[in-house]
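So the mapping is simple: our numbering equals the position in the sequence shown, first residue as 1, plus 3. Written out below as structure tokens is the structure these notes cover.
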Amino acid sequence: MKSAYELAMERLQKESPSSGPVTEDLKKQLAEIDRVYDAKIAEREVYLSSARNKSRDPEERQKLEQELVDERKKINAEREAKKDKIRS
């Protein structure tokens, strides 16, 4: 008898089968994308954290914190879109 996990994985595989084994070249490309986008996130974190720490206004600090969260989401979405494009 199969576990719920195994059944879910089978359904997932049927819905979107993988394109095959991951080659070394593909791994390098994906790692490069991760490196670039990690750097972008770090850059935004430094900038916005610095601005947040300088601010005395609690509302402004909250706004900058939310901006940082939004920037991370946006950059991670771009990263995943690039990775998906390379994988296909």
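Glycine included, every Cβ here is placed at the ideal spot set by N, Cα and C. All of these numbers come straight from a predicted model, not from anything done at the bench.
Once you ignore the five residues that flank residue i on each side, which residues in its own chain have a CB closer than 7 Å to its CB?
i, result
"Leu67", "Leu51, Ala54, Arg55 and Ser58"
"Glu83", "none"
My guess is that residue i and residue j are in contact by the Cβ rule of under 8 Å, so how many angstroms apart are they, rounded?
i, j, result
"Ile89", "Leu29", "7 Å"
"Lys76", "Ile36", "No, Lys76 and Ile36 are not in contact; Cβ-Cβ is about 17 Å, not under 8 Å."
"Tyr130", "Glu70", "Because the chain is modelled from 4 through 91, residue 130 falls outside the range shown and cannot be assessed."
Within the continuous alpha helix (DSSP H) that includes residue i, where are the two ends?
i, result
"Asp60", "Per DSSP, Asp60 belongs to no alpha helix (DSSP H) and is neither H nor E."
Please state if the CB of residue j and the CB of residue i are separated by a distance shorter than 8 Å.
i, j, result
"Lys31", "Ile78", "no"
Going by beta carbon distance, what residues of the same chain come within less than 8 Å of residue i, once the five residues before and after it are set aside?
i, result
"Arg64", "Arg55 and Ser58"
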